[in-house]
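Position one of the first sequence corresponds to residue 1 (the numbering used here), numbered consecutively onward. Note that the Cβ used here is the ideal one computed from N, Cα and C, for glycine as well. Take a look at the structure set out below.
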Amino acid sequence: MADNNKKMVEEITSMEVDFGRWYTDVVKKADLVDYSSVKGCMIIRPYGYAIWELIQKQLDERFKATGHENVYMPLFIPESLLQKEKDHVEGFAPEVAWVTHGGSEPLAERMCVRPTSETLFCEHYANIVHSYRDLPKLYNQWCNVVRWEKTTRPFLRSREFLWQEGHTVHATAEEAQAETEQMLNIYAEFCENVLNMPVVKGVKTESDKFAGAVATYCIEALMHDGKALQAGTSHFFGDGFAKAFNMTYTDKENKQQYVQQTSWGVTTRLIGALIMSHGDNNGLVLPPKVAPTQVVVIPIAAHKPGVIEKADELTARLAKSFRVKIDKTDNSAGWKFAEYEMKGVPLRLEIGPKDIENNQCVLVRRDNRQKYFVSLDNLENEIANLLDELGRAIYEKAAANMESKTYACTSMEEIIASRAEKGEGFVRAMWCGEEACEDEVKEKTGVGSRCIPFAQEKLSDVCVCCGKPAKHMVLWAVAY
RNA sequence: CGGGGUGUGGCGAAGUUUGGUAUCGCGCUUGGUUCGGGACCAAGAGGCCAUGGGUUCAAGUCCCGUCACUCCGACCA
Numbered sequence: 001m002a003d004n005n006k007k008m009v010e011e012i013t014s015m016e017v018d019f020g021r022w023y024t025d026v027v028k029k030a031d032l033v034d035y036s037s038v039k040g041c042m043i044i045r046p047y048g049y050a051i052w053e054l055i056q057k058q059l060d061e062r063f064k065a066t067g068h069e070n071v072y073m074p075l076f077i078p079e080s081l082l083q084k085e086k087d088h089v090e091g092f093a094p095e096v097a098w099v100t101h102g103g104s105e106p107l108a109e110r111m112c113v114r115p116t117s118e119t120l121f122c123e124h125y126a127n128i129v130h131s132y133r134d135l136p137k138l139y140n141q142w143c144n145v146v147r148w149e150k151t152t153r154p155f156l157r158s159r160e161f162l163w164q165e166g167h168t169v170h171a172t173a174e175e176a177q178a179e180t181e182q183m184l185n186i187y188a189e190f191c192e193n194v195l196n197m198p199v200v201k202g203v204k205t206e207s208d209k210f211a212g213a214v215a216t217y218c219i220e221a222l223m224h225d226g227k228a229l230q231a232g233t234s235h236f237f238g239d240g241f242a243k244a245f246n247m248t249y250t251d252k253e254n255k256q257q258y259v260q261q262t263s264w265g266v267t268t269r270l271i272g273a274l275i276m277s278h279g280d281n282n283g284l285v286l287p288p289k290v291a292p293t294q295v296v297v298i299p300i301a302a303h304k305p306g307v308i309e310k311a312d313e314l315t316a317r318l319a320k321s322f323r324v325k326i327d328k329t330d331n332s333a334g335w336k337f338a339e340y341e342m343k344g345v346p347l348r349l350e351i352g353p354k355d356i357e358n359n360q361c362v363l364v365r366r367d368n369r370q371k372y373f374v375s376l377d378n379l380e381n382e383i384a385n386l387l388d389e390l391g392r393a394i395y396e397k398a399a400a401n402m403e404s405k406t407y408a409c410t411s412m413e414e415i416i417a418s419r420a421e422k423g424e425g426f427v428r429a430m431w432c433g434e435e436a437c438e439d440e441v442k443e444k445t446g447v448g449s450r451c452i453p454f455a456q457e458k459l460s461d462v463c464v465c466c467g468k469p470a471k472h473m474v475l476w477a478v479a480y
């Protein structure tokens, strides 16, 4: 059998050897994506898309529960509309794709393919909001956006990607601020409970915030290789866009006021995040709540009488409670085991002649390959428990990874030494608040500021760069 | 956008230095034996060697151009 395992090693690069290669191997071999002839864009295959649908569904439930409604905006944005907010256009100009012709006729005004839809929402809100009675407006849109990236990677950075963008307008800054924080908290809760992925909540530094925002909040996750990944953002805009787009309403005192605005989004990048958080050298490990198949039923010695029938019966029974799939192909059992491990299916159910005799089956956990011999009488409960346990276990593992790769440093030398000795991870270090220092840290140590975590800790009194009094503890890292 | 690398059946490669019949493994098809960790035997199908031009009796191989992909830097969810 050991000989057969060689095949496995050849097929997927070990994470320890080359994490980047491992990642591209996994997304392809687990059948999540395929490469497209359209440069820098990916084909999301049915299995990958099913994960996205589960993410969508569970996020959408949370949005609806907090009063949000889904809408759809146009794909194209006229140049004049994009130009209205100065910071915004400067931020996005380098990466927008332009439509210049309709058929063979040049357009009077070129249009970009949306890189994000703030401007469209702003225009719409300016039209529909007149009175304090019209507020708040809590809209969300599920769509695709285009950003002309130079280098691309499936799920992490591609020229077209799928996301959700929430856009809300409020009467007061307090209310908008509360919305911004609420949505960040929803993202964080979702990452932890649904994706089983720990995140750090914080606020971006001035230089790193969204183009046009007053403040950008984010959740940062740490991947298995110690690099950081921004998993979601929530922006507070104040009235910046409101002034540029003339979004006003009349308040109770009959005075004209600008609306206060937010936006927030997560993308298909979340799929990349969970791959790099939970995956191992056998492939994907999917959190049970977003696994398209939670239990795969594998009949053993399927030619023996009664096995297929029993496996079918079990599959039908379990389908009432779980996402179940049966594999009746004539591939060998061992091949199937490896196949569904590669695809990250949380539980494998083996049922063979011996089991049928004993009124039992074998359940095997994806994360640790532990085997359980389970009576068929109590199967649903056992499966539910094991799925829960697996979810908790991979969360704990990811949390332990994050903790063990988080380093507190009190000087630039320490940061450099930490990176050299311990490798990549989150570096916690004090900062004075000056952009020059932020840049210098990045230049000299290689790590960039990820966020100023909400959970602050005073590691020392002075900035690691300039030695002046420190204002914040910043989380630094090499990022995807 | 700068610096490397690679393009050969569906996938992964050898062959290129030194020009001479298109090779190997996986996968696929058919039949049989297997079946509790990537099975085995047998017989098949499948390629104008990325592309355009050149050199030559002869080009996957040498020369010039183009395109694509990929890795490393600068920009980004």
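Starting from residue 462, trace the alpha helix (DSSP H) in both directions and tell me its first and last residue. The residue given as residue 462 occupies position 462 in the first sequence. Unbroken run through residue 462: none, as it is neither H nor E.
Let's see if you can read the secondary structure: which residues bound the beta strand (DSSP E) around residue 233? As a position in the first sequence, residue 233 is number 233, starting the count at 1. Under the DSSP assignment, residue 233 falls in the beta strand (DSSP E) whose first and last residues are 228-238.
Determine, using beta-carbon pairs with one atom in the segment 233-252 and one in the segment 203-214, whether at least three such pairs fall under 8 Å. A contact exists between the segment 233-252 and the segment 203-214.
Relative to the alpha-carbon of residue 450, which residue among 310, 86, 219 and 89 has its alpha-carbon at the smallest distance? As a position in the first sequence, residue 450 is number 450, starting the count at 1. Considering only alpha carbons, the answer is 219.
Note down the Cα distance separating residue 144 from residue 95, rounded to an integer number of angstroms. Sequence index remark: in the first sequence, residue 144 carries index 144 (1-based). Sequence index remark: in the first sequence, residue 95 carries index 95 (1-based). One alpha carbon belongs to residue 144, the other to residue 95, and they sit about 15 Å apart.
Run through DSSP, which three-state label would residue 370 get? Taking the first sequence and counting its residues from 1, the one referred to as residue 370 is at position 370. In the three-state DSSP reduction, residue 370 falls in the coil class, being neither helix nor strand.
Using C-beta distances below 8 Å, list every residue in its chain close to residue 180, excluding the 5 sequence neighbours before and after it, in chain order. The residue given as residue 180 occupies position 180 in the first sequence. Contacts found: 215, 217, 234, 235, 236, 262 and 264.
Are the segment 196-208 and the segment 110-120 touching by the rule of at least three beta carbon pairs closer than 8 Å? No: the two stretches stay apart, fewer than three of their Cβ pairs being nearer than 8 Å.
Which partner residues of residue 111 appear in the DSSP bridge assignment? Working through the first sequence from its first residue, we reach residue 111 at position 111. 78 and 99, per the DSSP bridge assignment.
Looking only at its chain, what residues have a beta carbon closer than 7 Å to the beta carbon of residue 418, apart from the 5 residues adjacent to it on each side? Taking the first residue of the first sequence as position 1, residue 418 is located at position 418. For residue 418, where only same-chain residues beyond five positions count, the Cβ hits under 7 Å are 407, 409 and 427.
Can you give me the Cβ contacts of residue 329 inside the same chain, cut-off strictly under 8 Å, excluding the 5 residues immediately before and after it? One-based indexing of the first sequence puts residue 329 at position 329. A distance below 8 Å between beta-carbons, with the five flanking residues on each side excluded, links residue 329 to the following residues of its chain, in chain order: 336.
Rounding to the nearest angstrom, what Cα-Cα distance links residue 289 and residue 318 in this structure? Working through the first sequence from its first residue, we reach residue 289 at position 289. Working through the first sequence from its first residue, we reach residue 318 at position 318. Cα to Cα, residue 289 sits roughly 16 Å from residue 318.
May I have the straight-line CA-CA distance separating residue 68 from residue 158, to the nearest angstrom? Position 68 of the first sequence, counted from the first residue, corresponds to residue 68. Position 158 of the first sequence, counted from the first residue, corresponds to residue 158. Distance from the CA of residue 68 to the CA of residue 158, rounded to the nearest whole angstrom, comes to 28 Å.
Hey, residue 307 and residue 301: beta-carbon distance below 8 Å or not? Indexing the first sequence from 1 puts residue 307 at position 307. Indexing the first sequence from 1 puts residue 301 at position 301. Closer than 8 Å, so yes.
Three or more C-beta pairs closer than 8 Å, one from the segment 117-130 and one from the segment 47-57: is that the case here? Result no; under three Cβ-Cβ pairs closer than 8 Å.
In whole angstroms, give me the CA-to-CA distance for residue 53 and residue 70. What you label residue 53 is simply residue 53 of the first sequence in a count that begins at 1. What you label residue 70 is simply residue 70 of the first sequence in a count that begins at 1. Rounded to the nearest angstrom, the gap between the Cα atoms of residue 53 and residue 70 is 15 Å.
For residue 278, count neighbouring Cβ atoms within 10 angstroms of its own Cβ and tell me buried if that reaches 16, exposed if not. As a position in the first sequence, residue 278 is number 278, starting the count at 1. Residue 278 comes out buried.
Given 8 Å as the limit, is there contact between the segment 76-90 and the segment 150-165, that is, 3 or more CB pairs closer than that? Here the segment 76-90 makes no contact with the segment 150-165; the two share fewer than three CB pairs at distances below 8 Å.
Among 448, 474, 18 and 466, the one whose alpha carbon lies nearest that of residue 225: Sequence index remark: in the first sequence, residue 225 carries index 225 (1-based). Of 448, 474, 18 and 466, the smallest CA-CA separation from residue 225 is found for 18.
Who are the near neighbours of residue 37 in its chain, counting only those whose CB is closer than 7 Å to its CB and skipping five residues on each side? Working through the first sequence from its first residue, we reach residue 37 at position 37. Closer than 7 Å at the Cβ level, and outside the excluded window around residue 37, lies no residue.
State yes or no: is the C-beta of residue 245 within less than 8 Å of the C-beta of residue 84? Residue numbering aside, residue 245 sits at position 245 when the first sequence is read from its first letter. Residue numbering aside, residue 84 sits at position 84 when the first sequence is read from its first letter. Yes.
Length of the line joining the Cα atoms of residue 437 and residue 165: Residue numbering aside, residue 437 sits at position 437 when the first sequence is read from its first letter. Residue numbering aside, residue 165 sits at position 165 when the first sequence is read from its first letter. Distance between the alpha carbons of residue 437 and residue 165: 32 Å.
What number of angstroms, rounded off, separates the C-alpha of residue 532 from the C-alpha of residue 41? Beyond the ends of the chain as shown, which are 1 and 480, falls residue 532; an answer cannot be given.
With DSSP run on the structure shown, which of helix, strand or coil describes residue 468? Locating residue 468 in the first sequence gives position 468, where the first residue counts as 1. Three-state DSSP puts residue 468 in coil, outside helix and strand.
Can you tell me whether residue 334 is helix, strand or coil according to DSSP? In the first sequence, the residue the question calls residue 334 occupies position 334. Three-state result, residue 334: helix.
Taking 8 Å as the cut-off, decide whether the C-beta atoms of residue 395 and residue 250 are in contact. As a first step, residue 395 is located in the first sequence; it is residue number 395 there, counting from the start. As a first step, residue 250 is located in the first sequence; it is residue number 250 there, counting from the start. Annotated as distal: residue 395 and residue 250, with beta-carbon spacing of 8 Å or more.
Element boundaries [alpha helix (DSSP H), containing residue 20]: If you number the first sequence from 1, residue 20 lands on position 20. It spans 19-29 - the alpha helix (DSSP H) in which residue 20 sits, taken as one unbroken run.
Considering only the beta carbon of each residue, do residue 456 and residue 430 sit closer than 8 Å? One-based indexing of the first sequence puts residue 456 at position 456. One-based indexing of the first sequence puts residue 430 at position 430. The answer is no: Cβ separation not under 8 Å.
Tell me, please, which residues DSSP counts as bridged to residue 161. The count along the first sequence starts at 1 and reaches residue 161 at position 161. Residue 161 is bridged to 145.
Endpoints, the alpha helix (DSSP H) within which residue 276 is located: As a working note, residue 276 is residue 276 in the first sequence. Residue range 269-278 is occupied by the alpha helix (DSSP H) that includes residue 276.
From 154, 147, 148 and 15, pick the residue whose C-alpha is nearest to that of residue 269; which is it? Counting from one through the first sequence, the residue named residue 269 turns up at place 269. Nearest C-alpha to residue 269 among 154, 147, 148 and 15: 154.
In or out: residue 423 buried (at least 16 other Cβ within 10 Å) or exposed? Numbered from its first residue, the first sequence carries residue 423 at position 423. Exposed, because fewer than 16 other Cβ atoms sit within 10 Å of the Cβ of residue 423.
What are the residues that DSSP puts in a beta bridge with residue 474? Reading the first sequence from its first residue, position 474 is the one you call residue 474. Within the DSSP bridge table, the entry for residue 474 names 429 as partners.
CA nearest to the CA of residue 459, picked from 347, 298 and 475: Here residue 459 refers to the residue found at position 459 when the first sequence is read from its first residue. Cα-wise, what sits closest to residue 459 is 475.
Would you mind reading off the limits of the alpha helix (DSSP H) that contains residue 191? Position 191 of the first sequence, counting from 1, holds the residue named residue 191. Residue 191 -> alpha helix (DSSP H) spans 173-193.
Thinking C-alpha only, which one of 375, 376, 171 and 370 is nearest residue 387? Counting from one through the first sequence, the residue named residue 387 turns up at place 387. The residue with the shortest Cα to Cα distance from residue 387 is 370.
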